[in-house]
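Some notes on the structure that comes next.
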Amino acid sequence: TQLLEQSPQFLSIQEGENLTVYCNSSSVFSSLQWYRQEPGEGPVLLVTVVTGGEVKKLKRLTFQFGDARKDSSLHITAAQPGDTGLYLCVRVQGAQKLVFGQGTRLTINP
Amino acid sequence: EAQVTQNPRYLITVTGKKLTVTCSQNMNHEYMSWYRQDPGLGLRQIYYSMNVEVTDKGDVPEGYKVSRKEKRNFPLILESPSPNQTSLYFCASSGEPGQGDYSNQPQHFGDGTRLSIL
């Protein structure tokens, strides 16, 4: 059973546009992580969110954790070709048992 | 350089021929895990280990074995591989002692092992 739903699964946009990726669950997260994965490599951590309502920024990327800690979003402003990759949200269920969303494959066209 | 090293990176083999994928980390991490990544399914946890000689099943453990005899190594063993185990496999480690809540620390992934079972 997929416990984390990411949307959209695929997104292809032009350089300079803005976009938002969503991660949703029916149950409460204790904490949530976002990773980015590029071809031929393993995922790399972008951010960890812990507190409901928390907002974290990483240059042009803004991560938000929902007030009820059941959802999260990733917003990219003025997307660049270097943002291309697979974005994964991950729920940590204690003792290092992780549950991944199916991912959003993002393509930024020059 | 801090890293997780998997070997081999690519392997094509036949049904029933035992194989081992090695994983080693040099960061003194407490936790190590194995995942498989399949299109449309994301990454699914196979096994994880919280310390030496302590391992536990993840979501898809059938057909796999692991061992954690040393802190730095966590090999994945397929005793009798089958075609449905064809996948991209990742090893990860986390949990640096003295750096706070382990559950919020980053997972450090290897670069993956692409297995094809014919």
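Protein chains in written order, with my numbering: chain Z, 1 to 110; chain D, 1001 to 1118.
Heads up, the beta-carbon is just placed ideally off N, CA and C, and yes, glycines get one too.
All values derive from a computational prediction rather than experimental measurement.
Cβ-Cβ distance between residue i and residue j below 7 Å
{"i": "D:Q1025", "j": "D:R1072", "result": "yes"}
{"i": "D:L1019", "j": "D:L1088", "result": "no"}
{"i": "D:T1055", "j": "D:Y1047", "result": "yes"}
{"i": "Z:L45", "j": "D:P1097", "result": "no"}
{"i": "D:S1094", "j": "D:Y1035", "result": "no"}
{"i": "D:G1110", "j": "D:V1004", "result": "yes"}
{"i": "Z:G52", "j": "Z:D71", "result": "no"}
{"i": "D:L1118", "j": "D:V1014", "result": "yes"}
{"i": "Z:F63", "j": "Z:V47", "result": "yes"}
{"i": "Z:R69", "j": "Z:F29", "result": "yes"}
{"i": "Z:E15", "j": "Z:I108", "result": "yes"}
{"i": "Z:G103", "j": "D:G1058", "result": "no"}
{"i": "D:F1090", "j": "D:C1023", "result": "no"}
{"i": "Z:R105", "j": "Z:L32", "result": "no"}
{"i": "Z:Y22", "j": "Z:S7", "result": "yes"}
{"i": "D:A1092", "j": "D:S1033", "result": "yes"}
{"i": "D:L1076", "j": "D:V1060", "result": "no"}
{"i": "Z:P43", "j": "Z:P81", "result": "no"}
Local conformation of residue i per DSSP, three classes
{"i": "Z:D83", "result": "helix"}
{"i": "Z:Q37", "result": "strand"}
{"i": "Z:N109", "result": "strand"}
{"i": "D:T1084", "result": "The sequence shown places Asn at residue 1084 of chain D, rather than the Thr named in the question. Helix at D:N1084."}
{"i": "Z:S31", "result": "coil"}
{"i": "Z:S12", "result": "strand"}
{"i": "D:N1104", "result": "helix"}
{"i": "Z:F100", "result": "strand"}
{"i": "D:S1093", "result": "strand"}
{"i": "D:N1073", "result": "strand"}
{"i": "D:Y1035", "result": "strand"}
{"i": "Z:K57", "result": "strand"}
{"i": "D:Y1048", "result": "strand"}
{"i": "Z:N24", "result": "strand"}
{"i": "Z:H75", "result": "strand"}
{"i": "Z:L45", "result": "strand"}
{"i": "D:D1056", "result": "strand"}
{"i": "Z:K70", "result": "coil"}
{"i": "D:E1062", "result": "coil"}
{"i": "Z:Q93", "result": "coil"}
{"i": "D:S1067", "result": "coil"}
{"i": "Z:L4", "result": "coil"}
Rounded distance between the beta-carbons of residue j and residue i, thought under 8 Å
{"i": "Z:A78", "j": "Z:L19", "result": "Wrong, their Cβ atoms sit about 10 Å apart, outside the cutoff."}
{"i": "D:Q1045", "j": "Z:L98", "result": "6 Å"}
{"i": "Z:Q9", "j": "Z:L88", "result": "No, Z:Q9 and Z:L88 are not in contact; Cβ-Cβ is about 12 Å, not under 8 Å."}
{"i": "Z:W34", "j": "Z:L74", "result": "6 Å"}
{"i": "D:G1016", "j": "D:P1083", "result": "The pair is not a contact, with the Cβ atoms about 11 Å apart (cut-off 8 Å)."}
Practice problem: Ignoring anything shorter than 4 residues or poking outside the region 1002-1027 of chain D, list the alpha helix (DSSP H) runs there in chain order. | Solution: Listed in chain order, nothing qualifies, since the region 1002-1027 of chain D has no complete alpha helix (DSSP H) run of 4 or more residues.
Practice problem: Scan the region 89-104 of chain Z for residues whose Cβ lies nearer than 9 Å to a Cβ of chain D and list them as they occur along the chain. | Solution: Among the residues of the region 89-104 of chain Z, those with a Cβ less than 9 Å away from any Cβ of chain D are V90, V92, Q93, G94, A95, Q96, K97, L98, V99, F100, G101, Q102, G103, in the order of the chain.
Practice problem: Determine which residues of the region 32-61 of chain Z have a Cβ less than 9 Å from any Cβ of chain D, and write them out in chain order. | Solution: Result list: Q33, Y35, Q37, G40, E41, G42, P43, V44, L45, T48, V50.
Quiz item: For the region 1094-1116 of chain D, which residues have a beta carbon sitting closer than 9 Å to at least one beta carbon of chain Z?
Solution: Along the region 1094-1116 of chain D, the positions whose C-beta sits under 9 Å from a C-beta of chain Z are S1094, G1095, D1101, Y1102, S1103, N1104, Q1105, P1106, Q1107, H1108, F1109, G1110, D1111, G1112, read in chain order.
Quiz item: Taking Cβ-Cβ distances below 9 Å as the criterion, which residues of the region 6-17 of chain Z are in contact with chain D?
Solution: Hits within the stretch, in order: Q6, Q9.
Quiz prompt | Residues of the region 1007-1039 of chain D with Cβ closer than 7 Å to any Cβ of chain Z, in chain order | solution = Those residues of the region 1007-1039 of chain D that come within reach of chain Z (Cβ to Cβ, closer than 7 Å) are Y1031, S1033.
Quiz item: Residues in the region 1079-1094 of chain D with C-beta within 8 Å of chain Z's C-beta atoms, listed in sequence order?
Solution: In summary, the residues of the region 1079-1094 of chain D whose CB is separated from some CB of chain Z by less than 8 Å are F1090, A1092, S1094, in the order they occur in the chain.
Quiz item: Between the region 1044-1056 of chain D and chain Z, which residues of the former have a C-beta closer than 9 Å to a C-beta of the latter?
Solution: Listed in sequence order: R1044, Q1045, Y1048, S1049, M1050, D1056.
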